[in-house]
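Q: Right, I'll just put the structure down here and ask away after.
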Amino acid sequence: MTTILDTTPDDDELGLPAARRRSAALERQIHEQPGRFRALTGDRPTGRLHLGHYFGTLHNRVRLQNLGVDMMVLIADYQVLTDRDVADRLAEHVEDLTLDYLAVGIDPDRATVFTHSAVPALNQLLLPFLSLVSVSELGRNPTVKDEIAHSRQSAVSGLMFTYPVHQAADILFCKAGLVPVGQDQLPHLEVARTVARRFNSRYGPVFPEPEALLSAAPLLLGTDGGKMSKSRGNAIALAATADETARMIRGAKTDADRNITYDPAARPEVSSLVLLAALCLDRDPHEVAGEIGGRGAAGLKGVVTDAVNDRFAPIRARRAELAQDRAHIRRVLRDGNEWANAIADDTLKEVREAMKAFY
28 MTTILDTTPD
38 DDELGLPAAR
48 RRSAALERQI
58 HEQPGRFRAL
68 TGDRPTGRLH
78 LGHYFGTLHN
88 RVRLQNLGVD
98 MMVLIADYQV
108 LTDRDVADRL
118 AEHVEDLTLD
128 YLAVGIDPDR
138 ATVFTHSAVP
148 ALNQLLLPFL
158 SLVSVSELGR
168 NPTVKDEIAH
178 SRQSAVSGLM
188 FTYPVHQAAD
198 ILFCKAGLVP
208 VGQDQLPHLE
218 VARTVARRFN
228 SRYGPVFPEP
238 EALLSAAPLL
248 LGTDGGKMSK
258 SRGNAIALAA
268 TADETARMIR
278 GAKTDADRNI
288 TYDPAARPEV
298 SSLVLLAALC
308 LDRDPHEVAG
318 EIGGRGAAGL
328 KGVVTDAVND
338 RFAPIRARRA
348 ELAQDRAHIR
358 RVLRDGNEWA
368 NAIADDTLKE
378 VREAMKAFY
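Quick note on numbering: the sequence shown equals residues 28 to 386 in the working numbering.
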């Protein structure tokens, strides 16, 4: 499914302002003709997803799916190894990730959930794609630099260095024209666009140049006031119980001012909690803060706890129900992998034909 967009920019029209303009135009087109679009998105299976994932990406995926966009949802199990020596408890994490997807509303009848390792033709595309980018281009990628700086490994692996090209294969194998991303991921998407453009120039037109659909993901801090992260233990998992949620929120960092206000610059920890309550309640954070007023941190945390538990009770109940039937989870993955393989095989055949690599 090749999507030809009406917003194709000039090659030199890069940067965040241009990406925002194109993203806004894409949103209008999606609402008008959602069936024209195929989107690729996904996560690494390194642990259970949390509230930051929900409001940052998962909610938007369900929205696009429900609008009628063809969603390809990748469980990037090979990419677990980018910053780890081994992939611990991989099967468990893959199933947990699938459970989270289904619980929030990803529908396997309308979206394809699949894993890296089960789609050989996707990964084979990495080889010709690597010939289309230089070592210096990869080294300049700001996201690669950041990932390397925060890597758990003592040395940078080849997978870490080249994973933007692997991500290009993720996007291009299914000819996704749409990639929902945050602005920090724009450099990765630009690698995919570069690979598509260079392949088409060198061998003939095969790939669309994918476009970024920028998310306005809210910035939620972890309960310790730092970046929300599975590995830091500062995030409330989607699968957390009501009691676990209350315990984590009670321990969340705030400040000494009893009057609750929403001021992310001056009061980041308090404002993050206010924002979490507002997102769960579908309300303006300034209004939520105003209603809490002088009730202090205890009052704030009580409001946040109730809001989170009420918002996520149906999702948690659905997840618990699904967890009783692990065979269903495996069927979802098997069916998704089968469809992804059919797409990848067709694309690899086109690539080999374009490269005149049939013998």
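Glycine included, C-beta positions come from ideal geometry on N, C-alpha and C.
Here the structure is a predicted model, which means the values were calculated and not measured.
Under three-state DSSP, which class holds I263?
A: In the structure shown, I263 sits in coil (DSSP, three-state: anything other than H, G, I, E or B).
Q: Do you know how far the Cα of A196 is from the Cα of N150?
A: Near 7 Å, if we compare the C-alpha coordinates of A196 and N150.
Q: Nearest-angstrom Cα distance between E296 and R225?
A: When rounded, the distance between both Cα atoms is 45 Å.
Q: For I31, which residues in the same chain have their Cβ closer than 6 Å to its Cβ, ignoring the five residues on either side in sequence?
A: Caution is warranted here: a pLDDT of 33 is assigned to I31, below 50, making its placement in the model unreliable, and no coordinate value can be reported.
Q: Give the DSSP-derived three-state secondary structure of E40 in the structure shown.
A: Low local confidence applies: a pLDDT of 45 at E40 is under 50, so the model's placement there is unreliable, with the coordinate-based value given in what follows. In the structure shown, E40 sits in coil (DSSP, three-state: anything other than H, G, I, E or B).
Q: Quick check on DSSP: helix, strand or coil for I102?
A: Looking at I102 - three-state DSSP - the assignment turns out to be strand.
Q: Any idea what DSSP makes of L126, helix, strand or coil?
A: Note: L126 maps to helix in three-state DSSP.
Q: Write down the C-beta distance between G69 and L101 rounded to the nearest angstrom, noting that I regard them as a contact closer than 8 Å.
A: 3 Å between Cβ atoms; contact.
Q: Checking 8 Å against the spacing of the C-beta atoms, do H143 and T73 come in under that value?
A: Taking 8 Å as the Cβ cut-off, H143 and T73 do not qualify as a contacting pair.
Q: With DSSP as the reference, identify every bridge partner of K254, one or two as the case may be.
A: Answer is L248.
Q: Counting pairs of Cβ atoms below 8 Å between the stretch 110–119 and the stretch 327–344, do you hit three or more?
A: Short answer: they don't touch.
Q: Would you kindly work out how many angstroms separate the C-alpha atoms of R220 and V192, rounded to a whole number?
A: Computed Cα separation, rounded: 10 Å.
Q: In whole angstroms, give me the CA-to-CA distance for A145 and V359.
A: Taking the straight line joining both Cα atoms gives about 13 Å.
Q: Between the alpha carbons of E271 and I319, how many angstroms are there, rounded?
A: Each residue's alpha carbon lies about 23 Å from the other.
Q: Using DSSP bridges, identify the partner residues of H77.
A: Beta-bridge pairing links H77 to A264.
Q: Going by beta-carbon coordinates alone, are A266 and R75 separated by less than 8 Å?
A: In this structure, R75 lies closer than 8 Å to A266 by Cβ.
Q: Considering only residues of the same chain and omitting the five flanking positions on each side of F141, which have a CB-CB separation below 6 Å?
A: Only G363, N364 and A367 meet the Cβ criterion.
Q: How is the alpha helix (DSSP H) around L94 delimited, first residue to last?
A: Segment H86 to L94, the alpha helix (DSSP H) holding L94.
Q: Keeping to the same chain, check which residues put their C-beta closer than 6 Å to that of L85; ignore five residues upstream and five downstream.
A: V131, listed in sequence order.
Q: May I ask which residues mark the beginning and end of the beta strand (DSSP E) holding E238?
A: Segment E238 to L241, the beta strand (DSSP E) holding E238.
Q: Nearest to L153 by CA position, among A176, G185, N168 and E174, is which residue?
A: It is G185 whose Cα lies nearest to the Cα of L153.
Q: With a threshold of 6 Å on Cβ separation, who are the neighbours of A371 within its own chain once the five nearest residues in sequence on each side are excluded?
A: So the qualifying residues of the chain are V146, A148, L149 and F200.
Q: Within the continuous beta strand (DSSP E) that includes L67, where are the two ends?
A: Unbroken beta strand (DSSP E) run through L67: R65 to D70.
Q: What residue range does the beta strand (DSSP E) around T139 cover?
A: Run containing T139: A138 to T142, per the beta strand (DSSP E) assignment.
Q: Determine the extent of the alpha helix (DSSP H) in which V378 is found, giving its start and end residues.
A: Note, V378: alpha helix (DSSP H), R353 to A381.
Q: So the candidates are P169, S158 and L213; which of them puts its Cα closest to the Cα of V222?
A: Closest option to V222, Cα to Cα, is S158.
Q: Look at the alpha carbon of A304 and the alpha carbon of D290, and state the distance between them as a whole number of angstroms.
A: Cα to Cα, the separation comes out at about 14 Å.
Q: Quick one: what's got a C-beta closer than 6 Å to I276's C-beta in the same chain, skipping five residues either side?
A: Hits under 6 Å: K328, V331 and T332.
Q: Can you name the residues that DSSP bridges to V206?
A: A239.
Q: If we ignore side chains and look at the alpha-carbon of each, how far apart do E122 and R357 end up?
A: Those two C-alpha atoms are separated by around 8 Å.
Q: For D97, list the residues DSSP reports as bridge partners.
A: Its beta-bridge partners are R65.
Q: Here's the rule I'm using: 16 or more other beta-carbon atoms within 10 Å means buried, otherwise exposed. How should D104 be labelled?
A: Burial call: buried.
Q: Rounded to the nearest angstrom, what separates A325 and D251 at their Cα positions?
A: If I take the Cα positions, the gap works out to 16 Å.
Q: Could you give the first and the last residue of the continuous alpha helix (DSSP H) run that contains S229?
A: For clarity, residue 229 is Arg in the given sequence; the question names Ser instead. Run containing R229: L213 to Y230, per the alpha helix (DSSP H) assignment.
Q: Pull up the distance between the alpha-carbon of N227 and that of M382, whole angstroms please.
A: Taking the straight line joining both Cα atoms gives about 10 Å.
Q: Ordered along the chain, which non-local residues of its own chain (more than five positions away) have a Cβ less than 6 Å from that of V96?
A: Hits under 6 Å: P61, F64 and A66.
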